[in-house]
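Take a look at the structure below.
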Amino acid sequence: MLPVQMKEMCTFPEGTGRSRPAGGTGGVNGPFAPPIGTNGPFTSWDSLRPARRTRRGDGRITAAFGAHGPDSALVRLPGMNSGDDRDSLRHHGDVDAEHGLLDFAVNVRLDRPPAWLRHRLAAALDRLGRYPSAADDLAARSAAAARHGRTADEVLPLAGAAEGFALLPSLRPRLAALVHPSFTEPELALRTAGVEVARVQLDPADGYRLDATAVPEQADLVVLGNPTNPTSVLHPAAEIRRLLRPGRVVLVDEAFADTVPGEPESLAGCREPGLLVFRSLTKMWGLPGLRAGYALGDPELLRRLSRYRPHWPVNALVLEAMIACCEPAALAESGQAAAEFEEHRAGLVAELDGIPGLRIALPARAPFLLLQVAGGAEVREALRQHGIAVRRGDTFPGLGPDHLRVAVRDPAQNALLVKALRDILGRG
Ligand SMILES: Cc1ncc(COP(=O)(O)O)c(C=O)c1O
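Position 300 of the sequence shown, counted from 1, bears residue number 300 in UniProt numbering, the numbering being contiguous throughout.
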């Protein structure tokens with residue numbers, strides 16, 4: 001096993017961004033302009049204002065949704081026209097990735113799990129003849145615990161990180177602050193359960209970087225992704241830790257953390273009261289159909305999170321996948337894949353740079369890029385005509401129709417995307 005050293009991960013001083021991206025807001029094409037349709041009047045709910053205004057004045061609460069039932073939005077986002085935007089929050093890249101198209105919409109590394117993992121799962125099929133035992137559960141939790149330098153009672157197997165989001169209402173939060181733009185399932189799960197939600201909108205002009213002071217003090221649950229889907233920003237762990245408060249749970253969705261070489265800003269091995277981390281096996285291991293992930297946190301917090309789960313909440317294959325994907329050979333393979341992602345992303349950025357009218361949100365650290373281009377919907381349709389699927393951006397709170405998200409693929413596939421975009425937008 002290669003346990004991540006907790007000491008190494010948790011001792012850097014509070015408030016120091018260890019790896020604040022060099023160059024700040026800049027990138028190949030500079031920072032994004034505020035997205036069309038989302039820079040309307042600043043909508044605030046005074047009681048939710050952050051105690052301290054951000055120094056840069058960038059993080060903003062742009063909408064708050066009330067706790068009086070799932071449909072009782074108190075304040076509507078500018079540009080929201082349907083009675084309930086939850087349909088839009090339900091949209092994911094798998095819908096954009098129509099059959100037969102080259103898939104740049106879904107950020108899963110492989111189109112199926114590697115052969116060695118398929119064999120492990122196939123061998124585990126024999127165990128489907130009995131209920132998963134306490135020993136099976138412990139073996140999976142111990143494997144993940146060893147991988148992150150924790151104890152088995154600090155691990156909770158999940159049917160994917162998505163199940164973890166659905167469990168959040170069990171924590172009975174009074175006010176949840178969702179840091180956006182980000183993956184939408186947590187907001188959807190919380191609002192559907194009638195939890196009061198405030199959106200904290202990060203500023204494109206500041207490269208969508210986290211500013212802990214922009215989060216309302218009253219929030220007893222804060223949710224953010226690291227690295228963040230869809231902006232590809234990797235927030236400094238120290239800035240995330242500044243969100244921690246007595247009586248508050250801070251959930252870091254690290255579904256893509258293993259795609260960053262060395263996982264420099266991961267808090268998975270960090271033992272802090274109220275800190276909850278979700279990990280996913282989906283992206284790295286080509287397992288979206290299995291539904292496998294796990295939560296890491298204080299045992300009491302995990303107990304509260306899981307109190308309404310059924311008996312045997314995850315199946316024998318999920319437990320086997322956890323064990324297999326935490327073994328040294330798997331960690332070596334994922335480390336190699338993460339290094340390749342970095343190399344391929346740098347190549348893709350270099351090729352996309354200079355295409356007229358196309359802007360890239362940089363610095364990017366995840367295996368996808370957020371793009372902005374005028375007429376985004378038309379460009380997406382033109383790409384479809386070229387046989388390529390990309391993820392629409394406008395269903396992410398804070399983004400608009402001109403935003404598109406593209407996965408980083410291997411150089412040959414990336415070249416096809418670049419060529420299609422050059423054909424559509426001009427050669428530059
Ligand atoms: C940022 C992020 N977190 C979590 C998930 C869900 O992960 P899982 O497949 O483990 O439920 C996704 C899936 O797209 C995601 O993009």
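Glycine residues also receive a C-beta, built at the ideal position from the N, C-alpha and C atoms.
Counting only runs that start and end inside the segment 95-152, the beta strand (DSSP E) elements of at least 3 residues fall at 102-104. 8 Å or more divides the Cβ of Asp220 from the Cβ of Gly262.
Spatial neighbours of Ala145 in its own chain (CB-CB distance under 7 Å, excluding positions within 5 residues in sequence) are listed in chain order as Thr151, Ala152, Glu154 and Val155. Residue burial is scored here from C-beta neighbours: Glu381 has fewer than 16 other C-beta atoms within 10 angstroms and is therefore classed as exposed. Scanning the segment 265-317 from its first residue to its last, the whole alpha helix (DSSP H) runs of 4-plus residues come out as 282-285 and 299-305. The residues Leu319 and Ile323, in chain order, have a CB closer than 8 Å to that of Ala139 in the same chain once the five nearest residues on each side in sequence are set aside. The beta carbon of Asp94 sits closer than 7 Å to the beta carbons of Val106 from its chain, once the five residues preceding and following it are set aside; these are given in chain order.
The C-beta distance from Val390 to Leu399 rounds to 13 Å, too long to fall under 8 Å, and the pair is not in contact. Going by beta carbons, Val408 and Phe341 fall inside the 8 Å limit. Taking C-beta atoms as the reference points, Val349 and Leu362 count as a pair closer than 8 Å.
Look at Asn414: its beta carbon is at least 7 Å from all of the heavy atoms in ligand 1. Counted as a single uninterrupted DSSP element, the stretch harbouring Asp220 is not any alpha helix (DSSP H), since DSSP gives it neither H nor E. Taking Gly274 as the centre and dropping the five residues before and after it, the same chain places the C-beta of Leu244, Arg245, Pro246, Gly247, Arg248, Val249, Val250, Asp298 and Leu301 closer than 8 Å to its C-beta, in chain order. Linking Ala268 to Leu296 through their CA atoms gives a straight-line distance of about 7 Å. By alpha-carbon distance to Arg422, the top candidate from Ile355, Pro288 and Arg365 is Ile355. Residue pairing from DSSP places Asp253 in a beta bridge opposite Gly225 and Phe278. Secondary structure note for Phe341: its alpha helix (DSSP H) is the uninterrupted segment Pro328 to Leu352. In the structure shown, Arg422 adopts helical secondary structure according to DSSP, grouped into three states. A buried status is given to Gln201, since no fewer than 16 other beta-carbon atoms sit within 10 Å of its beta-carbon.
Using a Cβ-Cβ distance cut-off of 8 Å, the segment 191-198 and the segment 224-240 are not in contact, since fewer than three pairs of beta carbons, one from each stretch, lie closer than that value. Taking a C-beta distance under 8 Å as the contact criterion, Val277 and Val252 qualify as a contact pair.
Counting the other CB atoms within 10 Å of its CB gives Ala134 a total below 16, which places it among the exposed residues. Relative to ligand 1, His92 has its C-beta within less than 7 Å of a heavy atom. Per DSSP, Ala324 has no beta-bridge partner at all. Taken through DSSP and simplified to helix, strand or coil, Phe183 comes out as coil. Arg307 counts as exposed, since fewer than 16 other C-beta atoms from the protein chains shown sit within 10 angstroms of its C-beta.
Taken in chain order, the whole beta strand (DSSP E) runs of length 3 or more contained in the segment 360-386 are 368-373. Per DSSP, Gln413 has no beta-bridge partner at all. Nearest C-alpha to Leu158 among Thr395, Met284, Arg141 and His92: Arg141. The DSSP-derived three-state label of Pro204 is helix.
A distance filter of 5 Å between CB atoms and the heavy atoms of ligand 1 selects the following residues in sequence order: Gly160, Ala161, Ala162, Phe183, Gly225, Asn229, Asp253, Ala255, Ser280, Thr282 and Gly293. As the crow flies, the alpha-carbon of Ala212 is around 46 Å from that of Arg127. With respect to the 8 Å criterion, Arg271 and Tyr294 are not classified as neighbours on the basis of their beta carbons. If the five residues before and after Asp258 are omitted, its C-beta is found closer than 8 Å to the C-beta atoms of Arg279, Lys283, Met284, Ser334 and Ala338, all from its own chain and listed in chain order.
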